[in-house]
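Sequential numbering of the sequence shown, starting at 1, is according to the UniProt record's numbering. From the three backbone atoms N, C-alpha and C, an ideal C-beta is built for every residue, glycine too. From a predicted model like this one, the values you see are computed outputs, not experimental measurements. Note sheet for the following structure.
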Amino acid sequence: MTIPWWKLSSRQSSQSWFGELYSKQGPKLKSPLDNISTPSIIQKEDIHPWPLRAQFSSRASLSSSQPEDAFALHFFRASPGWQNIDEEIANYLQTEGIPVVGVNSLRYFWSERSPSGTAADLGHLIDVYTKLFGVQNVLLVGYSFGADVMPASFNRLTHEQRMQVKQISLLALSHQVDYVVSLRGWLQLETEGKGGNPLNDLTSIDPTIVQCMYGRDDRNNACPSLRQTGAEVIGFSGGHHFDNDFNGLSKRIVSGLVTRLRH
């Protein structure tokens with residue numbers, strides 16, 4: 001079943017969105033969705049539950065080597081002109097049977113966050129949605145600002161949560177981490193980087209689960225620095241938006257996940 005792209009509005013709660021989706025696309029679930037609680041820092045309007053194709057799968061069981069045994073948690077950029085990359089990746093993942101939960105980085109980091117607070121929210125989402133979807137594995141995807149905060153956030157997860165993460169896909173990773181949206185970041189200029197350099201945080205992460213993709217014309221890309229570490233580094237034509245090769249990005253994300261789930 002192909003489920004159309006759907007976003008939350010600022011006036012619509014995630015629970016009402018789920019109810020609307022299920023009433024139009026299939027039987028409305030009663031219990032697990034009613035019991036979802038989001039962290040106090042994350043507002044429900046900041047969480048975008050993208051089309052959940054796996055919820056409607058007729059298969060009763062899935063082996064741990066199949067991508068459907070994972071869900072994707074995607075920190076997306078959500079700034080003008082760049083929404084398509086998030087939409088296309090989410091749509092592609094759902095066609096592969098991978099449900100996607102997106103966190104709007106622009107809204108979430110509009111007020112300054114801390115690394116530990118961001119990690120606590122990330123961990124809460126992992127706990128909630130692995131149970132809701134009935135999956136064992138997690139795919140973390142971050143684009144731009146979302147990629148920069150991902151390594152430090154991962155390092156602050158609990159041991160159990162880190163073990164569930166089978167792949168970290170970093171798109172357009174830079175050399176600066178910030179925990180609040182700034183005008184310079186909005187304009188894609190180098191920011192102050194008060195949170196440090198994500199490359200330093202990556203030294204504490206098993207490189208075999210890291211996938212870093214960059215545009216070769218992106219002046220501030222950090223991915224090439226990971227080439228000798230054992231991480232998967234993939235260059236694309238274009239700059240920060242990868243020449244709109246969203247299909248190519250999506251295919252590499254999924255193929256990487258399938259490979260890692262088999263090992």
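Query raised in the report: Looking at the unbroken alpha helix (DSSP H) that takes in Q211, where does it start and where does it end?
Result: First-last for Q211: V210 to G215, but that is the beta strand (DSSP E), not the alpha helix (DSSP H).
Query raised in the report: Do three or more CB pairs link the region 112 to 119 to the region 173 to 180 at distances below 8 angstroms?
Result: Per the Cβ contact rule, the region 112 to 119 is in contact with the region 173 to 180 (3 or more Cβ pairs under 8 angstroms).
Query raised in the report: Any idea which residues DSSP pairs I234 with across the strands?
Result: M213
Query - Cβ neighbour criterion (16 or more within 10 Å) applied to A72 - result: It counts as buried.
Query raised in the report: What is the residue span of the alpha helix (DSSP H) that Q164 lies within?
Result: H159 to Q164
Query - Sequence-distant residues of its chain with Cβ nearer than 6 angstroms to I126 (five each side left out) - result: Apart from sequence neighbours up to five positions away, the residues of its chain that approach I126 with a beta-carbon distance below 6 angstroms are V138 and Q161, ordered along the chain.
Requested in this report: Please state whether DSSP places S255 in a helix, a strand or coil.
Outcome: When secondary structure is reduced to three states using DSSP, S255 falls in the helix class.
Report task. Look at S174 and A120 and say whether their C-beta atoms are less than 7 angstroms apart. Result -> no
Query raised in the report: Taking C-alpha atoms, which residue in T95, E87 and F75 lies nearest to V254?
Result: T95
Requested in this report: With V180 as the anchor, note down where its alpha helix (DSSP H) starts and where it stops.
Outcome: Taken as a continuous stretch (DSSP letters only), V180 belongs to no alpha helix (DSSP H), as it is neither H nor E.
Requested in this report: Using beta-carbon positions only, say whether Y214 and G196 come within less than 7 angstroms of one another.
Outcome: no
Requested in this report: Kindly indicate which three-state DSSP category G248 falls into: helix, strand or coil?
Outcome: helix
Requested in this report: Tell me where the alpha helix (DSSP H) around N137 begins and ends.
Outcome: For N137, there is no enclosing alpha helix (DSSP H); the residue is part of the beta strand (DSSP E) that begins and ends at N137 to Y143.
**Report entry** Separation of R216 from Y92, as counted between CA atoms
**Finding:** 23 angstroms
Requested in this report: Would you kindly work out how many angstroms separate the C-alpha atoms of P224 and Y143, rounded to a whole number?
Outcome: Taking the straight line joining both Cα atoms gives about 16 angstroms.
Query raised in the report: Skipping 5 residues on each side, what residues in its chain have a beta carbon closer than 7 angstroms to that of T203?
Result: none
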